[in-house]
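*Asks:*
Numbering (this note's numbering), first residue to last: -5 to 122.
This is the structure:
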């Protein structure tokens, strides 16, 4: 099962969430994500962090889970948009399935934002 949802962002950019579900046993679906972006002048969607991006080599060294989370952060999508796409995917699939999110994105994104906020606070305090 695959569900794609496109969001128009405020900076002349579109972001696409691709939610993929793999049936692993009777009634159990494992969810995986892809995050893609398209600038105003682009013809097709692409990964947010490409070979010419400064974080590309960091992305290549990360585990698959952390790489997907980094792509999410750089796509410009919000948790609200991610939850909307996930909700649509689950509605489309029906009530007959038990869904397992391998990334547990909701918790990890919250922690990731907390770390970024804390780092910014520390930098601000250090310069004061």
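C-beta: ideal position from N, C-alpha, C; glycine also.
Would a C-beta distance cut-off of 8 Å place residue 89 and residue 21 closer than the cut-off?
*Replies:* As a working mapping, residue 89 is identified with position 95 in the chain shown. As a working mapping, residue 21 is identified with position 27 in the chain shown. No, they are not a contact pair.
*Asks:* Leaving out five residues before and five after residue 15 in sequence, what residues of the same chain have Cβ atoms less than 6 Å from its Cβ?
*Replies:* Translated into the one-based positions of the chain shown, residue 15 becomes position 21. Same-chain partners within the cutoff: -5, 23 and 25.
*Asks:* Can you find the residues in the same chain that come closer than 7 Å, C-beta to C-beta, to residue 115, ignoring five residues on each side of it along the sequence?
*Replies:* To locate residue 115, count along the chain shown from 1; it is residue 121. The predicted position of residue 115 is uncertain, since its pLDDT is 43 and thus under 50; a value taken from the coordinates is nonetheless stated next. So the list is empty, once near-sequence residues are dropped.
*Asks:* In chain order, what residues of the same chain have a beta carbon less than 6 Å from the beta carbon of residue 33, not counting five sequence neighbours either side?
*Replies:* Residue mapping note: residue 33 aligns to position 39 of the chain shown, counting from 1. Hits under 6 Å: 7.
*Asks:* List, from N- to C-terminal side, the alpha helix (DSSP H) runs of 4 residues or more that fit wholly inside the region 11 to 73.
*Replies:* Fully enclosed alpha helix (DSSP H) runs of 4 or longer: 50 to 55 and 58 to 69.
*Asks:* Of the choices 4, 28 and -3, whose alpha-carbon is the least far from that of residue 43?
*Replies:* Taking the chain shown and counting its residues from 1, one reaches residue 43 at position 49. When each option's Cα is compared against that of residue 43, the closest is 28.
*Asks:* Given this structure, state the Cα-to-Cα distance separating residue -2 from residue 39, to the nearest angstrom.
*Replies:* Residue mapping note: residue -2 aligns to position 4 of the chain shown, counting from 1. Residue mapping note: residue 39 aligns to position 45 of the chain shown, counting from 1. When rounded, the distance between both Cα atoms is 12 Å.
*Asks:* Measuring CA to CA, which of 2, 13 and 3 is closest to residue 86?
*Replies:* The residue labelled residue 86 in the question sits at position 92 within the chain shown. Minimum Cα distance to residue 86 is reached at 13.
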